[in-house]
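Numbering (the UniProt record's numbering), first residue to last: 1 to 199.
Note that beta-carbon positions come from the ideal geometry of N, C-alpha and C, so glycine has one too.
Everything below concerns the one structure shown next.
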């Protein structure tokens, strides 16, 4: 690929890949707000919080019956209206994290992250090489299912647009919070206040 072709491919990848509103707001040192979705599980829902000024919709797969197909439909709708689809996965397992990202989520919250090792598992499952070990699929909502972009450029652009938020919910997590936040790839910490108060 010539330098000119590479430049064009990068521009195309940046144009096609959906930007992450929450990440943009946070990088601008502003407060990002999310709308928790538990009851009305419809792909029409992202229209309402977006018009109300929210930055994201948060779907909780840990504590609600939302399935991955419903999560995918709502995530695609979020991407269409320009609001960040965020998902709390049930556990810190690569298959949950990658499936949610592959289905359109732009931010994943992993519950019960207690130490650096668990945070690293999370980052590895979330980022494509060389930043992690996530397996690449070309057809995904974040890239509008485009398959004509070189894989390494998809990886680079998507890596820049995912948001990694470990949830701190235990005394151990609190004591390791600074180290967890310092893991390369972690964007911010999410506090699970209900479980934390139970300790």
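Where residue i falls, given that 16 or more other Cβ within 10 Å makes a residue buried
i: residue 100; result: buried
i: residue 180; result: buried
i: residue 169; result: buried
i: residue 134; result: buried
i: residue 148; result: exposed
Three-state class that DSSP yields for residue i in the structure shown
i: residue 198; result: helix
i: residue 114; result: coil
i: residue 76; result: helix
i: residue 60; result: strand
i: residue 84; result: strand
i: residue 131; result: coil
i: residue 48; result: helix
Whole-Å CB distance - residue i paired with residue j, under 8 Å assumed
i: residue 32; j: residue 52; result: About 14 Å separates the two Cβ atoms, so there is no contact after all.
i: residue 86; j: residue 58; result: 5 Å
i: residue 84; j: residue 92; result: So it is not a contact: roughly 21 Å between Cβ atoms.
i: residue 188; j: residue 165; result: 6 Å
Cutoff 8 Å; reference residue i; Cβ partners in own chain excluding five residues on either side
i: residue 89; result: 61, 62, 96, 97, 100, 108, 109, 110, 111
Neighbourhood of residue i by C-beta, 7 Å cutoff - its chain only, sequence neighbours within 5 removed
i: residue 145; result: 139
| query | Can you find at least 3 beta carbon pairs, one from the region 153–163 and one from the region 120–133, that sit closer than 8 Å? | reply | Output reads yes: the region 120–133 touches the region 153–163.
For this session: Determine, using beta-carbon pairs with one atom in the region 7–15 and one in the region 28–47, whether at least three such pairs fall under 8 Å.
Result: no
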